[in-house]
Amino acid sequence: MVNAGDMNGSGNLMDFLDEPFPDVGTYEDFHTIDWLREKSRDTDRHRKITSKSKESIWEFIKSLLDAWSGWVVMLLIGLLAGTLAGVIDLAVDWMTDLKEGVCLSAFWYSHEQCCWTSNETTFDDRDKCPQWQKWSELLVNQSEGASAYILNYFLYIMWALCFAFLAVSLVRVFAPYACGSGIPEIKTILSGFIIRGYLGKWTLLIKTVTLVLVVSSGLSLGKEGPLVHVACCCGNFFSSLFSKYSKNEGKRREVLSAAAAAGVSVAFGAPIGGVLFSLEEVSYYFPLKTLWRSFFAALVAAFTLRSINPFGNSRLVLFYVEYHTPWYMAELFPFILLGVFGGLWGTLFIRCNIAWCRRRKTTRLGKYPVLEVIVITAITAIIAYPNPYTRRSTSELISELFNDCGALESSQLCDYINDPNMTRPVDDIPDRPAGPGVYSAMWQLALALVFKIVITIFTFGMKIPSGLFIPSMAVGAIAGRMVGIGVEQLAYHHHDWIIFRNWCRPGADCVTPGLYAMVGAAACLGGVTRMTVSLVVIMFELTGGLEYIVPLMAAAVTSKWVADAFGKEGIYEAHIHLNGYPFLDVKDEFTHRTLATDVMRPRRGEAPLSVLTQDSMTVEDVETLIKETDYNGFPVVVSKDSERLIGFAQRRELILAIKNARQRQDGVVSNSIVYFTEDPPELPPNSPHPLKLRRILNLSPFTVTDHTPMETVVDIFRKLGLRQCLVTRSGRLLGIITKKDVLRHMAQMANQDPESIMFN
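In structure tokens:
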């Protein structure tokens, strides 16, 4: 605290803000951060540390620790995210199998682990071992017959309902923010919005536990999107341990961008894809330094998951595949067709899902989230059980669809008619005619496709953790495998056609149906999320095949073009708009010819702008203005007559400053003059102590003139992350434009409801 002599006899003045007080510079819930201010504060902090580091060895060590704290945070995020992903994978594996039976030798073993440890398992019957018993065998000692089937069916539904009910109850009671995929909210938070508790410890714990429950229940959802939320919760937790990040919301968001990359890295076993996903899909501000740190966090997370080895195949994901056959130019046509299908499915899904979610928000349906989850789970379990392709977990289904048919495969999809004279190496089996197993599998897959398309629309958005990557990939993989088998059989039976003659001789291994499944999965995921570069990289990291990049690129670009023809929004942007979050999408174009004066407040006929004067208002005047309005800040002018702009004061900091001054400074009363100038105003004798608040004043608020095109204003808000911008003419204050005003104006210009922007 600094005492300054007073020229007009009102005693000692105090600029108490020379010492910072608690909560200054922080933000309230559901408010937007000021990126420019956060950047400036970090620069000041860094300058101070650098100058101090020359004073002593201890200060130099402290500066080194500060410089390394970012890498330490990344290391911790990678370790925790990788560990949690490994635990989730192992738990999901066990609980999914628990719906069908139990391991007698060790109940915590999944079906596969149980039979691995058995000495009585043969290769042909590798899924059957005496240690693993279905519920019907355990309870009524029957493995075949109608009664055994009905009992297994009933227990499958009961387990699914039990898991789903437990998950929705935990979310409802302990962490309401743990529902959904979390990516729309993380995009909004990374754009500078504050949602307190969304990345908290309770959310992390409940989301991790309930994610296991909902995926195990067999619902049509995935764990990949929620894993990004889980990783960001880890990032938020570790950044709160270091003042460099906990006291600066801009720096915290750099950590969260890197955490999102680690989340995708462990979800798909794709570290590079994770970094590109963070850059392309979720991040708003992504400096080069964050790129390196994201790469490091993704690397550590992938390494940790690989050490845990949850799938026992030394891979990071369940559906890792390797193909041995090259693709041919003529196959680009079916690949592009799969891209068209992916784009159409993406459009259909987004429109239907948003319509259903809007109905949930606006009708009584939204009041019964537990009942909704129970009903959808019951419908899913009842329809899924009879079909072997929908009964198993979606990841296992994708794994089977991606698989190339080798000599040792026992899947129905590999039931081809073999030529008894064939003598070929094991990994180069020629195309063969389809057997009865393939035909029945095609029917089952067709039914599974219709079921997945419909049920996913109703599942995504319920009050449980629900990811969209895996169901979208499953829809595409089913469609792709069916197209692949069709092309394969066409090539086998009509190899003399002109399109097959050059590359598909009789007895050759021409077509890989698993590759079509992979391309279809990429196309559908791209159609729903509108990802392109990161999607292709994730898919080739999954398959380890660089030579399939062109088919994947063709499908991803086609699906984006087709989906964009019906609407530019991906599913995450659509959910952001549905929830009314103040998100300015960098991808949106603003082409209307309006001016700042058309958007600024106050409009014609409205009350004049609420302002503070530099040295003529009392503490009581300021408190009254704060009480009567709900604005987030006030411009400071020389006087109400001249309206020459001095700066901008935040509402929260004014409240804190006055409250602290009353507690810590003697003589500050309701009729004390508040001044924002460097020197105190001339006051009559015996007047109460004035209050100097210059330190909380932003002396360089961003201003535009009233004739600035709104196209430029929107660009400024996007690229600088502004909260508000003041409108002036020749230095005189005319009005203010907030981020909310910009979003309302953009909605109005797009013929949407401007009041759908709910938050401040």
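Going by UniProt numbering, the sequence shown opens with residue 1, and the numbers climb by one from there.
All C-beta atoms in this analysis are idealised placements derived from N, C-alpha and C, irrespective of residue type, glycine included.
Does the separation of the CB atoms of residue i and residue j fall below 8 Å?
{"i": "L138", "j": "V92", "result": "no"}
{"i": "N353", "j": "I457", "result": "yes"}
{"i": "F590", "j": "M746", "result": "yes"}
{"i": "G250", "j": "D42", "result": "yes"}
{"i": "T738", "j": "R723", "result": "yes"}
{"i": "F174", "j": "W132", "result": "no"}
{"i": "F470", "j": "G222", "result": "Here residue 470 is Ile; the residue named in the question, Phe, does not match the sequence. Their beta carbons are under 8 Å apart, which means I470 touches G222 by this criterion."}
{"i": "G346", "j": "A563", "result": "yes"}
{"i": "L161", "j": "I453", "result": "no"}
{"i": "G235", "j": "L211", "result": "no"}
{"i": "T677", "j": "R652", "result": "no"}
{"i": "P334", "j": "V214", "result": "no"}
{"i": "V704", "j": "V713", "result": "yes"}
{"i": "P369", "j": "M442", "result": "no"}
{"i": "I77", "j": "F238", "result": "yes"}
{"i": "K207", "j": "A178", "result": "yes"}
Would you kindly report the start and end of the unbroken alpha helix (DSSP H) that includes residue i?
{"i": "G486", "result": "F469 to H493"}
{"i": "T738", "result": "Unbroken run through T738 is the beta strand (DSSP E), R732 to T738; no alpha helix (DSSP H)."}
{"i": "V599", "result": "A596 to V599"}
{"i": "F500", "result": "I498 to R501"}
{"i": "P635", "result": "No alpha helix (DSSP H) holds P635; the beta strand (DSSP E) holding it covers G633 to V637."}
{"i": "H577", "result": "I571 to N579"}
{"i": "H111", "result": "H111 to W116"}
{"i": "P184", "result": "I183 to L190"}
Measure the C-alpha to C-alpha separation of residue i and residue j and round it to an integer number of angstroms.
{"i": "A302", "j": "G273", "result": "12 Å"}
{"i": "F193", "j": "V72", "result": "26 Å"}
{"i": "L743", "j": "L205", "result": "34 Å"}
{"i": "R252", "j": "V228", "result": "16 Å"}
{"i": "W94", "j": "V168", "result": "20 Å"}
{"i": "P436", "j": "L445", "result": "14 Å"}
{"i": "S53", "j": "K361", "result": "55 Å"}
{"i": "L468", "j": "C405", "result": "28 Å"}
{"i": "R172", "j": "E372", "result": "13 Å"}
{"i": "R601", "j": "L365", "result": "38 Å"}
{"i": "G197", "j": "Q489", "result": "55 Å"}
{"i": "K568", "j": "I464", "result": "27 Å"}
{"i": "L447", "j": "S472", "result": "16 Å"}
{"i": "T618", "j": "I33", "result": "29 Å"}
{"i": "P754", "j": "D585", "result": "16 Å"}
{"i": "C725", "j": "F349", "result": "38 Å"}
Where does residue i fall in DSSP's three states?
{"i": "W132", "result": "strand"}
{"i": "K692", "result": "strand"}
{"i": "Y320", "result": "coil"}
{"i": "Q724", "result": "strand"}
{"i": "M442", "result": "helix"}
{"i": "L344", "result": "helix"}
{"i": "Y385", "result": "coil"}
{"i": "F303", "result": "helix"}
{"i": "A297", "result": "helix"}
{"i": "A175", "result": "coil"}
{"i": "I646", "result": "strand"}
{"i": "R729", "result": "strand"}
{"i": "Y548", "result": "helix"}
{"i": "C510", "result": "coil"}
{"i": "F402", "result": "helix"}
{"i": "P436", "result": "helix"}
{"i": "N309", "result": "coil"}
{"i": "L612", "result": "strand"}
{"i": "L241", "result": "coil"}
{"i": "T32", "result": "strand"}
{"i": "G520", "result": "helix"}
{"i": "G274", "result": "helix"}
For the beta strand (DSSP E) containing residue i, name the first residue and the last one.
{"i": "V674", "result": "I673 to Y675"}
{"i": "T703", "result": "T703 to T705"}
{"i": "V619", "result": "That residue, V619, is in no beta strand (DSSP E); its alpha helix (DSSP H) goes V619 to E628."}
{"i": "G101", "result": "G101 to C103"}
Could you tell me whether the segment 508 to 527 touches the segment 335 to 349, where touching means 3 or more Cβ pairs closer than 8 Å?
yes
Answer yes if the segment 250 to 269 comes into contact with the segment 301 to 320, meaning at least three C-beta pairs across the two stretches below 8 Å, and no otherwise.
yes
So does the segment 477 to 486 actually touch the segment 281 to 296, counting three or more Cβ pairs closer than 8 Å?
no
When the Cβ atoms of the segment 638 to 651 are set against those of the segment 612 to 630, are three or more pairs found closer than 8 Å?
yes
Between the segment 148 to 157 and the segment 539 to 547, do three or more beta carbon pairs fall short of 8 Å?
no
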